[in-house]
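Contents: one structure, followed by commentary.
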Amino acid sequence: MDKRLGQDFETLLKQAGEVPSVDEYLKSFSVVIGDMVYARRMQLNLSQQQLAAEAGTTQSKISQIESANGNVGQDILDRVFRVLKLADLTPTYDEQAVAQA
């Protein structure tokens, strides 16, 4: 039985995604934001403590964001996004789509 690293986790995610409540949770706003923050922090090779210091918050708040656990204020998210250079996620508005709504 030759498995590559992470195969069991991939299988678990696939199976979990087949459960409607789990799939809904994994696609929730807080989980998506947490995944984005974690992935970008890893790309920048920052620890939670380093990110917290640069964003003017605590390591605990960074952990809460990444785990989608807890009530983190918008001001903290804004600062974290700026440090991670994710702040340029500016929505684009399609006037025709708005007019049809």
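The sequence shown begins at 1 in full-length UniProt numbering and counts up by one. The beta carbon of each residue, even a glycine, is placed where N, CA and C say it ideally should be.
What distance in whole Å lies between the Cβ atoms of residue j and residue i, which are believed to be in contact at a cut-off of 8 Å?
{"i": "Val31", "j": "Tyr38", "result": "Their Cβ separation, rounded to whole angstroms, is 10 Å, which puts Val31 and Tyr38 out of contact at 8 Å."}
{"i": "Ile33", "j": "Thr57", "result": "The pair is not a contact, with the Cβ atoms about 15 Å apart (cut-off 8 Å)."}
Pull up the distance between the alpha-carbon of residue i and that of residue j, whole angstroms please.
{"i": "Ala68", "j": "Met36", "result": "11 Å"}
{"i": "Gln59", "j": "Val19", "result": "32 Å"}
{"i": "Asn45", "j": "Gln64", "result": "19 Å"}
{"i": "Gln15", "j": "Ser21", "result": "12 Å"}
Could you check if residue i is buried or exposed, using at least 16 other CB atoms within 10 Å of its CB as the buried criterion?
{"i": "Gly17", "result": "exposed"}
{"i": "Leu51", "result": "buried"}
{"i": "Gly70", "result": "exposed"}
Within the same chain, show all residues whose beta-carbon is closer than 8 Å to that of residue i, passing over the 5 residues directly before and after it, in chain order.
{"i": "Lys85", "result": "Arg40"}
Do residue i and residue j have their C-beta atoms within less than 9 Å of each other?
{"i": "Gln48", "j": "Glu66", "result": "yes"}
{"i": "Ala53", "j": "Arg79", "result": "no"}
Grab me the residues of residue i's own chain with a C-beta within less than 7 Å of its C-beta, minus the 5 sequence neighbours each way, in chain order.
{"i": "Lys61", "result": "Ala52, Val72, Ile76"}
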